[in-house]
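Please read the structure below before turning to the comments.
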Amino acid sequence: MNIFVQRAGGLVFLFGLTSGASTPVVAGTGIEVDSTLGNYQDYDASRPYVSYTDTYGDTYSGISVNGYANAANMSLGMTATADSMAAGAFASKFEGRLRVGAGSSELQAGDPARLRLDLQLDGVLSNGALIDSLGNLAATNNDAMMQAGFIVHEGKVPLGLSLYGAYSDVSSLRGVSSLAYFSTRAFSSREALDSTNERYIYNWWWDTGANGRSGSDSVTTTATGAVQDLFFSTGLLALEFYAPVGAEIWVEGLLSVDVNANDHNTWANADFGSGLQATIIAVDEGIQLDYSVDVSEVPLPGAVWLFGSGLIAVFGVGGRCRHPQAPCGRETHPVCSNDFQPLSSFNPTRLKVPRHWRLQPSV
Numbered sequence: 059m060n061i062f063v064q065r066a067g068g069l070v071f072l073f074g075l076t077s078g079a080s081t082p083v084v085a086g087t088g089i090e091v092d093s094t095l096g097n098y099q100d101y102d103a104s105r106p107y108v109s110y111t112d113t114y115g116d117t118y119s120g121i122s123v124n125g126y127a128n129a130a131n132m133s134l135g136m137t138a139t140a141d142s143m144a145a146g147a148f149a150s151k152f153e154g155r156l157r158v159g160a161g162s163s164e165l166q167a168g169d170p171a172r173l174r175l176d177l178q179l180d181g182v183l184s185n186g187a188l189i190d191s192l193g194n195l196a197a198t199n200n201d202a203m204m205q206a207g208f209i210v211h212e213g214k215v216p217l218g219l220s221l222y223g224a225y226s227d228v229s230s231l232r233g234v235s236s237l238a239y240f241s242t243r244a245f246s247s248r249e250a251l252d253s254t255n256e257r258y259i260y261n262w263w264w265d266t267g268a269n270g271r272s273g274s275d276s277v278t279t280t281a282t283g284a285v286q287d288l289f290f291s292t293g294l295l296a297l298e299f300y301a302p303v304g305a306e307i308w309v310e311g312l313l314s315v316d317v318n319a320n321d322h323n324t325w326a327n328a329d330f331g332s333g334l335q336a337t338i339i340a341v342d343e344g345i346q347l348d349y350s351v352d353v354s355e356v357p358l359p360g361a362v363w364l365f366g367s368g369l370i371a372v373f374g375v376g377g378r379c380r381h382p383q384a385p386c387g388r389e390t391h392p393v394c395s396n397d398f399q400p401l402s403s404f405n406p407t408r409l410k411v412p413r414h415w416r417l418q419p420s421v
């Protein structure tokens, strides 16, 4: 089991101690939860399926979340709602190993076999109203975000896609070590301009190397009590790629959502429960594909893994982008300016999370 502790403003990774010629590679399914006040993560190679459901908060604010990761079927789902000053990020992920065999084909070891990745991602981002039933300004802003990454690659170990880095993790490796990939992000934000007018901002894009699509808009209107929805769907994507006969390749996917109700009397929701569905098939006749969540040991000659106090890495995540045109996890982005502000509107003292919220996921 691979466990890390994440706190507001940083990641603290804890490493253990193992030595020898080989080490088991962790694969399987995982759920990550960051409620700003704490973190829960579970990752287990022995379980091809894991789910997580919880609701926590106080009388005035809270978060509810439902998610699952199904490594056996290459599918992920995540839904989260933040209400009245609550905020959080949630992710589900899987890792598996695909073995490409010659089967009854005439291909030899090392020959390129033509495969196809079929993938689809559907969901909706929703932003609650900023005015109350009497037409009075009740909130200033809220936002919701989704990002996902899917990658097929040759390597001795999985990439380990991160909670905030699904898009950037995959994008940084496209065309370098990946055989096929998919990366995407969608964002929606609602903000009050004054007591009677509001602005709704959204943008979304995805990239597969073979094709992609994007869209964005900013609409200024008179504030209403209606919910704003951004419906997202890739449709069915069919991506052909080649893998060497005899190769064992990694298949990894991650789906994350981030919801922020940055004021009282408003809410934000990201519903990707149907989520990401994928499958890999052989296009060349006779090729045999064996997919498994169970992973054998990978030799690491002379390797010694340092654990405990010998290796503790801390990475800051407090500066998540809140720029309306580029909700990325970095301070710079090709389509944005550099004037990003960290998430400072969330007051953790307003959200009192009971100690017992860190429940074990049901399987």
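The opening position of the sequence shown corresponds to residue 59 in the working numbering, with each subsequent residue numbered one higher.
Where a beta carbon is used, it is the ideal one built from N, C-alpha and C, also for glycine.
Remember, it's a predicted structure, so these values are computed and weren't measured experimentally.
Looking at residue i: is its Cβ nearer than 7 Å to the Cβ of residue j?
{"i": "R243", "j": "N185", "result": "no"}
{"i": "T139", "j": "N327", "result": "yes"}
{"i": "L297", "j": "A238", "result": "yes"}
{"i": "M132", "j": "F148", "result": "no"}
{"i": "I338", "j": "L134", "result": "no"}
{"i": "E310", "j": "L217", "result": "yes"}
Classify residue i as helix, strand or coil using the three-state DSSP reduction.
{"i": "S276", "result": "strand"}
{"i": "S226", "result": "helix"}
{"i": "V91", "result": "strand"}
{"i": "S191", "result": "coil"}
{"i": "R174", "result": "strand"}
{"i": "P302", "result": "strand"}
{"i": "E153", "result": "strand"}
{"i": "I345", "result": "coil"}
{"i": "M132", "result": "coil"}
{"i": "G267", "result": "coil"}
{"i": "Y118", "result": "coil"}
{"i": "S314", "result": "strand"}
{"i": "D169", "result": "coil"}
{"i": "R243", "result": "strand"}
{"i": "E212", "result": "strand"}
{"i": "E164", "result": "coil"}
{"i": "L217", "result": "coil"}
Residues in its own chain within less than 7 Å of residue i by CB, not counting five upstream and five downstream?
{"i": "T280", "result": "T254, N255"}
{"i": "E343", "result": "S163"}
{"i": "A284", "result": "A187"}
{"i": "G293", "result": "Q178"}
{"i": "S220", "result": "D227"}
{"i": "D100", "result": "G88, I89, V108, P419"}
{"i": "S350", "result": "G154, R155"}
{"i": "G168", "result": "P302, V303, G304"}
{"i": "F330", "result": "G135, M136, T137, G181, M204, L313, V315"}
Quick check: what's the CA-CA separation for residue i versus residue j?
{"i": "G125", "j": "S291", "result": "19 Å"}
{"i": "F299", "j": "L177", "result": "13 Å"}
{"i": "V228", "j": "V123", "result": "25 Å"}
{"i": "G146", "j": "G115", "result": "12 Å"}
{"i": "F208", "j": "Q335", "result": "10 Å"}
{"i": "S276", "j": "L183", "result": "15 Å"}
{"i": "S314", "j": "G181", "result": "12 Å"}
{"i": "T324", "j": "T282", "result": "13 Å"}
{"i": "V303", "j": "V108", "result": "31 Å"}
{"i": "L251", "j": "R257", "result": "7 Å"}
{"i": "A319", "j": "T198", "result": "9 Å"}
{"i": "D102", "j": "A127", "result": "11 Å"}
{"i": "N269", "j": "Q286", "result": "28 Å"}
{"i": "Y110", "j": "S104", "result": "17 Å"}
Can you have a look at residue i and say buried or exposed, based on whether 16 or more other CB atoms are within 10 angstroms of its CB?
{"i": "K214", "result": "exposed"}
{"i": "S191", "result": "exposed"}
{"i": "E153", "result": "buried"}
{"i": "D92", "result": "buried"}
{"i": "S236", "result": "buried"}
{"i": "A129", "result": "buried"}
{"i": "G120", "result": "buried"}
{"i": "D321", "result": "buried"}
{"i": "D316", "result": "buried"}
{"i": "G374", "result": "Low per-residue confidence applies at G374: pLDDT is 36, beneath 50, and the placement is therefore not dependable, though the value from the model is reported in the following sentence. Classification of G374: exposed, given that the 10 Å Cβ count is below 16."}
{"i": "S142", "result": "buried"}
{"i": "T117", "result": "exposed"}
{"i": "T266", "result": "buried"}
{"i": "N200", "result": "buried"}
{"i": "A196", "result": "buried"}
{"i": "Q424", "result": "Because the chain is modelled from 59 through 421, residue 424 falls outside the range shown and cannot be assessed."}
{"i": "S150", "result": "buried"}
{"i": "S272", "result": "exposed"}
{"i": "G86", "result": "buried"}
Just to confirm my understanding: we take residue i, look at its own chain, exclude 5 residues before and 5 after, and list those with CB closer than 6 Å. What are they?
{"i": "S246", "result": "L183, N185, A202, Y260, L288"}
{"i": "I345", "result": "G161, S163, A171"}
{"i": "D348", "result": "R157"}
{"i": "S367", "result": "Note on S367: pLDDT 33, under 50, position unreliable in the model; no value is reported."}
{"i": "W308", "result": "H211, G213, P216"}
Ordered along the chain, which non-local residues of its own chain (more than five positions away) have a Cβ less than 8 Å from that of residue i?
{"i": "S332", "result": "G135, D180, G181"}
{"i": "G159", "result": "V303, G304, I345, Q346, L347, D348"}
Taking only heavy atoms of the ligand GDP into account, decide whether any of them is closer than 6 Å to the Cβ of residue i.
{"i": "T324", "result": "This structure does not include the ligand GDP; it has no bound ligands of any sort."}
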